[in-house]
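Residue numbers (the working numbering): 172 to 941.
Cβ atoms here follow ideal geometry from the backbone N, Cα and C, with glycine treated the same way.
Here the structure is laid out as structure tokens; the discussion comes afterwards.
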């Protein structure tokens with residue numbers, strides 16, 4: 172018998188009890204035992220899937236004069252509900268979480284979701300188990316869903332615009348990429364993960380950030396510096412892990428949203444899911460359209476007209492259209508969960524050429540089609556002794572097709588040349604498993620795991636067209652606490668690669684916390700980037716190119732040193748957090764494209780010939796007071812000038828950055844307004860000018876990006892409407908200058924695309940739950 176019938180059973184038994192019947196007493200006893208056999212609970216949960224323990228839940232009966240009932244959650248976040256006295260008003264008041272008020276009409280299971288008050292969010296990247304950022308051995312930065320929405324960010328490029336030590340670069344064909352801690356300039360990269368699975372499909376050595384949609388992302392976790400012990404190749408400059416929405420908070424949920432930007436962006440997203448007992452299913456999809464932009468384009472609301480014969484058809488920011496669908500299914504049994512994720516992504520970039528002289532009736536057009544299919548299965552379970560097992564296996568298929576043809580602008584017909592078509596396939600199999608012992612109350616915890624990565628390439632620009640490479644590794648680390656304030660975490664990774672000698676990768680992290688508010692961190696970590704199949708087997712020979720890979724390449728490796736101190740606290744309604752960090756990073760055996768000795772004047776190949784060094788400082792402060800959340804920060808980045816070894820030049824060139832944001836939230840009226848500001852200082856480096864036979868300075872000017880956004884909720888928070896202005900200072904292109912050698916060797920000036928000038932946006936999001 173279900174316990175929601177308990178009050179009815181009790182009411183039916185009272186007359187029998189009054190008669191004193193032995194048979195009645197026996198019958199009532201059996202019925203009451205059956206009705207209470209399955210005790211019902213209220214369960215507290217957070218967005219990080221944590222279950223807060225030792226939290227008081229206050230139940231206020233509806234009957235006048237009845238005393239409040241206080242129940243306390245156990246280690247699983249559950250507290251047993253009383254059998255009678257319903258309905259109750261529920262109140263959860265805890266200094267670590269926002270206050271929650273709710274009702275419950277009967278003795279059935281109820282889940283209450285809590286939002287953390289603390290300035291320290293929950294993180295999982297690189298951790299033995301979910302923990303607060305303040306207790307993580309590494310310094311982890313978190314961009315939560317609230318900030319993503321406040322920025323009106325549509326993709327990963329948008330959300331990284333306001334991050335310190337991250338500079339964005341744009342290429343008309345390869346899209347947007349990041350330069351983290353100054354490393355991207357030299358070929359190293361940050362590793363991008365989605366739920367711990369690497370994103371595949373690099374072009375020009377980087378993932379196109381505009382292809383990483385944020386519609387179904389819960390939060391983003393960033394660790395700067397090498398994480399190669401845990402995540403292997405490419406994690407030299409840092410690791411960016413996007414955590415998708417997994418938990419369906421209600422029995423049925425559905426969302427639908429639209430987004431418009433004045434340069435010609437029209438986005439639509441839909442999603443939803445349900446959960447029933449042990450099963451949870453979520454489906455998401457979106458369609459993004461961008462019509463292209465170039466300087467001089469004005470804001471044109473809902474202008475779909477096509478002018479194919481116009482000389483303005485060629486765009487600096489190329490038109491693109493994207494479609495994506497994603498499915499996630501989770502089955503939970505006790506402390507074990509199995510999760511399947513699948514997604515399909517398609518994008519087409521249209522590169523319309525300028526009409527050709529003399530009659531301007533013909534133009535060369537190119538299209539770049541990207542197809543990405545991702546499938547992954549995750550297994551998470553607890554085993555005896557407080558240990559955890561996490562395993563995933565993923566297969567990611569990436570395909571890029573380039574087509575080129577001559578377009579007749581009078582008949583609107585296109586003649587494509589099959590000889591100019593290029594099709595490239597890059598597929599990866601990844602599997603990673605780890606056994607962890609995570610208990611902050613023990614002196615020693617550990618993790619041991621394996622990591623398998625197998626790459627497949629099939630392209631007309633690869634030697635013998637088909638190549639394959641396997642990378643197999645074992646890794647482990649331990650967290651030792653000689654006393655409660657100090658944590659020491661050494662780690663080691665041993666790998667075997669089928670194409671090159673993989674280096675041994677060590678790391679060590681220290682964290683000293685004299686109290687709960689103050690933390691000192693220091694680390695040394697070795698990172699590495701394996702030469703990919705393009706570096707090893709690339710082959711492009713035509714009238715303009717003679718470029719070859721090198722199968723004898725070694726892996727790049729880096730030595731990174733990091734130290735930081737952070738302090739956080741809370742006084743009444745004021746929460747604050749400050750941090751200062753410094754780092755030094757040296758990458759050796761840098762893989763670089765150089766002219767081949769003994770070859771022709773246009774013959775180049777990849778070689779391990781160089782190194783680079785970066786160092787920097789960063790300081791941040793965050794304050795939450797009442798309805799306001801304020802964040803400020805600054806950084807100072809230095810990059811090594813290799814020419815200083817032979818020329819009279821400064822050893823390092825420095826560049827500053829500053830950022831700030833402020834958000835005002837009025838919960839009573841469901842209204843918020845946010846402002847974001849990022850200053851990127853002038854970047855300087857030195858290059859050799861063969862014509863002038865001397866070193867010259869190359870620099871890119873500084874610039875500032877600022878955004879203003881507003882949002883308002885309607886219909887009991889079901890509908891959210893946002894609007895605002897991005898790039899308030901109307902930055903489009905930034906001048907880049909390379910100095911000459913005097914005389915006839917004049918300085919040359921070009922420009923780098925930064926943004927699409929000042930533009931406006933409006934977005935809507937409707938949420939339904941039952």
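Rank the options by C-alpha distance to the C-alpha of residue i and give the top, closest one.
i           : options               : result
residue 560 : 299, 686 and 450      : 299
residue 430 : 661, 544, 226 and 882 : 882
residue 399 : 622, 684, 669 and 721 : 622
residue 903 : 922, 789, 890 and 695 : 922
residue 740 : 689, 699, 761 and 896 : 689
residue 524 : 820, 589, 489 and 807 : 489
residue 807 : 821, 819, 827 and 816 : 827
residue 833 : 814, 804 and 606      : 804
residue 673 : 723, 845 and 687      : 723
residue 707 : 669, 328 and 453      : 669
residue 306 : 294, 315, 313 and 937 : 294
With DSSP as the reference, label residue i as helix, strand or coil.
i           : result
residue 428 : strand
residue 295 : coil
residue 741 : strand
residue 897 : strand
residue 671 : coil
residue 730 : strand
residue 813 : helix
residue 925 : coil
residue 330 : helix
residue 930 : strand
residue 307 : coil
residue 316 : helix
residue 704 : helix
residue 321 : helix
residue 484 : helix
residue 408 : coil
residue 936 : strand
residue 943 : This structure gives no information on residue 943, because the portion of the chain shown stretches from 172 to 941.
Alpha carbon to alpha carbon, what distance is there between residue j and residue i?
i           : j           : result
residue 284 : residue 247 : 14 Å
residue 796 : residue 745 : 4 Å
residue 838 : residue 346 : 38 Å
residue 527 : residue 535 : 8 Å
residue 413 : residue 595 : 26 Å
residue 557 : residue 608 : 6 Å
residue 662 : residue 655 : 20 Å
residue 473 : residue 931 : At residue 473 the pLDDT is 48, less than 50, meaning the model places this residue with poor confidence and gives no usable figure here.
residue 129 : residue 277 : Examination of residue 129 is not possible in this model, given that the chain is present from 172 through 941 alone.
residue 736 : residue 919 : 43 Å
residue 928 : residue 849 : 15 Å
residue 727 : residue 677 : 15 Å
residue 119 : residue 734 : Only positions 172 to 941 of the chain appear in the structure, and residue 119 is not among them; the question remains open.
residue 798 : residue 843 : 9 Å
residue 759 : residue 809 : 17 Å
residue 385 : residue 440 : 10 Å
residue 269 : residue 814 : 55 Å
residue 940 : residue 777 : 55 Å
residue 320 : residue 334 : 15 Å
residue 781 : residue 501 : 47 Å
residue 366 : residue 409 : 16 Å
To the nearest whole angstrom, what separates the beta carbons of residue i and residue j, a pair I think is in contact under 8 Å?
i           : j           : result
residue 387 : residue 416 : 5 Å
residue 586 : residue 577 : 5 Å
residue 411 : residue 363 : 5 Å
residue 244 : residue 226 : 5 Å
residue 263 : residue 230 : Not quite, the Cβ-Cβ distance comes to about 11 Å (not below 8 Å), so this is no contact.
residue 897 : residue 878 : 5 Å
residue 836 : residue 870 : Contact doesn't hold; Cβ gap of about 41 Å is too wide.
residue 397 : residue 697 : 6 Å
residue 649 : residue 695 : Not quite, the Cβ-Cβ distance comes to about 16 Å (not below 8 Å), so this is no contact.
Is residue i close to chain C, meaning its C-beta is less than 7 Å from at least one C-beta of that chain?
i           : result
residue 806 : Annotation note: the requested chain C is absent from the structure, which comprises a single protein chain.
Exercise. Hey, which unbroken runs of the beta strand (DSSP E) at 3 residues or more fall wholly within the segment 520-564?
Worked result: 533-554
Problem set entry | Complete beta strand (DSSP E) runs within the segment 651-701 (minimum length 3 residues, chain order) | 657-668, 676-683 and 689-700
Problem set entry | 3 or more residues per run - each beta strand (DSSP E) lying fully within the segment 805-893 | 823-837, 842-851, 854-860, 865-871 and 874-885
Problem set entry | Contiguous alpha helix (DSSP H) assignments of at least 4 residues, all confined to the segment 228-285 | none
For this session: Quick one: which unbroken beta strand (DSSP E) runs of 3-plus residues sit fully inside the segment 336-404? Chain order, please.
Result: 337-342, 346-351, 362-365 and 388-395
Exercise. Enumerated in chain order, which unbroken segments of the alpha helix (DSSP H) with a length of 4 residues or greater are wholly contained in the segment 553-640?
Worked result: none
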